[in-house]
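For reference, the structure is listed below as structure tokens.
2 protein chains.
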Amino acid sequence: MDEETDGILQNRPAPRDLDAIDRRILGVLVDDATISYAELGDRVGLSPPAAHERVKRLRRSGAIRNTVAIIDPRAVKKPLLAFVHIDTRGWGKTPELMAVSQYPEVEEIHTVAGDTCMLLKVRTEDTRALEGLLARLYETPGVTSTRSYVVLSTYLERPVQPGITETWPTPKHMAEPLY
Amino acid sequence: MDEETDGILQNRPAPRDLDAIDRRILGVLVDDATISYAELGDRVGLSPPAAHERVKRLRRSGAIRNTVAIIDPRAVKKPLLAFVHIDTRGWGKTPELMAVSQYPEVEEIHTVAGDTCMLLKVRTEDTRALEGLLARLYETPGVTSTRSYVVLSTYLERPVQPGITETWPTPKHMAEPLY
DNA sequence: ATAATGGCCGTATTCAATTCAGCGGAGAAC
DNA sequence: GTTCTCCGCTGAATTGAATACGGCCATTAT
Chain F
515 MDEETDGILQ NRPAPRDLDA IDRRILGVLV DDATISYAEL GDRVGLSPPA AHERVKRLRR
575 SGAIRNTVAI IDPRAVKKPL LAFVHIDTRG WGKTPELMAV SQYPEVEEIH TVAGDTCMLL
635 KVRTEDTRAL EGLLARLYET PGVTSTRSYV VLSTYLERPV QPGITETWPT PKHMAEPLY
Chain B
515 MDEETDGILQ NRPAPRDLDA IDRRILGVLV DDATISYAEL GDRVGLSPPA AHERVKRLRR
575 SGAIRNTVAI IDPRAVKKPL LAFVHIDTRG WGKTPELMAV SQYPEVEEIH TVAGDTCMLL
635 KVRTEDTRAL EGLLARLYET PGVTSTRSYV VLSTYLERPV QPGITETWPT PKHMAEPLY
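Note that the protein sequences, when read in sequence, are chains F and B.
With the numbering used here applied, the first sequence corresponds to residues 515 to 693, in that order.
With the numbering used here applied, the second sequence corresponds to residues 515 to 693, in that order.
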């Protein structure tokens with residue numbers, strides 16, 4: 515519906531403040547966005563139209579960026595996950611970064627506080643393809659070194675970015691926070 | 515709808531082989547799962563019920579793990595992203611791991627090939643909360659050291675795991691693979 | 001005090017999801 | 001080569017959810 519054409523996070527306005535119901539809605543939709551508005555309203559204590567109105571507002575405001583399917587990597591035969599650490603001293607402006615962000619293997623790009631590196635999460639068919647990707651990255655202007663961790667097995671890969679505290683069950687030993 | 519109660523990826527059967535249409539469907543739903551089956555059928559060349567049947571099968575087979583909303587981290591005030599590298603020499607069996615996977619801050623857990631560490635992607639309110647999380651992790655039985663990269667700014671954080679080659683535009687300079 | 005606003009509810013309508021019956025092609029058995 | 005079986009597709013029919021609307025209530029501003 516709403517065209518999410520931007521692969522790169524451009525400077526969107528920060529979403530406005532949310533109340534408790536909004537946060538509970540996000541907590542529900544982060545786990546499962548296929549439920550009906552009737553079900554959603556049930557869980558957060560609203561009528562279906564009210565729940566719908568809230569969700570529309572959350573979409574408009576940008577709090578809900580998108581709604582997507584989470585795919586099992588094995589289904590598409592891209593099982594090899596790696597974290598690549600590239601040194602970017604001498605990195606220019608953004609055009610090369612935007613090119614990297616178009617690589618199909620690159621799922622995430624992060625800069626690191628107090629360091630001159632970027633951290634990429636990548637997924638490839640096999641080690642051979644990873645080597646090729648590293649070679650391409652190393653040829654990218656501004657990249658002066660690369661280093662990669664290959665991930666053997668993934669236990670947990672939550673599809674979404676934020677953990678919303680209210681909606682996650684807290685294990686018993688965490689009831690008393692240490693700080 | 516389908517109860518996705520398992521936070522940890524247990525040993526599910528690997529999804530069966532997919533044909534070209536299945537992969538195109540995944541490619542569409544990975545970008546936007548809010549479209550109607552009529553629209554989906556249009557894009558992949560099927561009638562609405564056929565597209566629906568395919569998607570149901572993909573869900574049943576596990577190729578589509580889940581369908582979720584992607585939340586803007588700023589909306590829930592959990593902006594600090596970090597990668598935590600914990601040494602797990604002496605790590606026991608799985609119960610402690612399962613506890614870690616319940617921490618609301620922990621979004622991903624990976625093991626690393628040829629190493630004795632695990633790599634966690636975590637998101638917290640601020641550095642203070644990160645410190646607290648690191649302290650809790652360090653107290654977890656089996657964890658012998660922790661080290662963390664704090665991510666300052668995120669350029670690209672694709673919501674989904676696999677890059678499906680056919681559905682991503684290939685930049686011109688990548689037309690000739692180097693390997 | 002009163003008007004205006006915003007958010008909710010219940011109902012009504014529209015549109016999509018889902019079911020079903022029937023068709024047709026691919027492959028197996030013979 | 002022929003026939004049978006199975007699987008997946010289509011198109012129409014039905015169910016059910018998404019959406020629009022009118023009215024109510026609480027809060028705030030004038």
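Note that the Cβ used here is the ideal one computed from N, Cα and C, for glycine as well.
Computed from a predicted model, the values in this text were never measured in an experiment.
Asked: Distance, V620 of chain B Cα to T548 of chain F Cα; Found: 24 Å
Asked: Cross-chain neighbours of G576 of chain B in chain F, by beta carbon under 7 Å; Found: D586
Asked: The beta strand (DSSP E) enclosing K635 of chain F, as first and last residue numbers; Found: C631 to T638
Asked: K592 of chain F beta carbon less than 8 Å from that of E639 of chain F; Found: yes
Asked: Neighbour flag for L560 of chain F against chain B, beta carbons, 8 Å; Found: no
Asked: Other residues of its chain near L572 of chain B: CB distance less than 6 Å, five sequence neighbours each side excluded; Found: I578
Asked: Proximity below 8 Å, CB of T733 of chain F to CB of A552 of chain B; Found: The structure shown does not extend to residue 733 of chain F, since chain F is modelled only from 515 to 693, so the question has no answer here.
Asked: Neighbour-count burial assignment, D586 of chain F, 16 or more Cβ in a 10 Å radius; Found: buried
Asked: Closer than 8 Å at the beta carbon, the chain B residues around L633 of chain F; Found: F597, Y663 and V665
Asked: Cross-chain neighbours of V544 of chain B in chain F, by beta carbon under 7 Å; Found: V582, A583 and I585
Asked: C-alpha distance - A565 of chain F paired with L554 of chain F, whole-angstrom precision; Found: 7 Å
Asked: Limits of the beta strand (DSSP E) - the one that V620 of chain B falls within; Found: V620 to V626
Asked: Secondary structure of S561 of chain B, DSSP reduced to three states; Found: coil
Asked: CB of M612 of chain B within 8 Å of CB of H624 of chain B, strictly; Found: no
Asked: Best match in F:A534, F:G541, F:P655 and F:S550 for proximity to R603 of chain F [C-alpha to C-alpha]; Found: F:P655
Asked: Whole-angstrom distance between P563 of chain B and Y663 of chain F, CA atom to CA atom; Found: 43 Å
Asked: Enclosing beta strand (DSSP E) for A583 of chain F [first to last residue]; Found: I578 to I585
Asked: Nearest to Q616 of chain F (by Cα), restricted to the options F:D536, F:G606, F:R650 and F:D601; Found: F:R650
Asked: CB contact flag (L543 of chain F, A589 of chain B, <8 Å); Found: no
Asked: Burial state of K686 of chain B, where buried means 16 or more other Cβ atoms lie within 10 Å; Found: Because K686 of chain B sits at a pLDDT of 26, beneath the cut-off of 50, its placement in the model cannot be relied upon, and the following sentence gives the value as read from the coordinates. By the neighbour-count rule (16 or more Cβ atoms within 10 Å), K686 of chain B is not buried but exposed.
Asked: Secondary structure of V664 of chain F, DSSP reduced to three states; Found: strand
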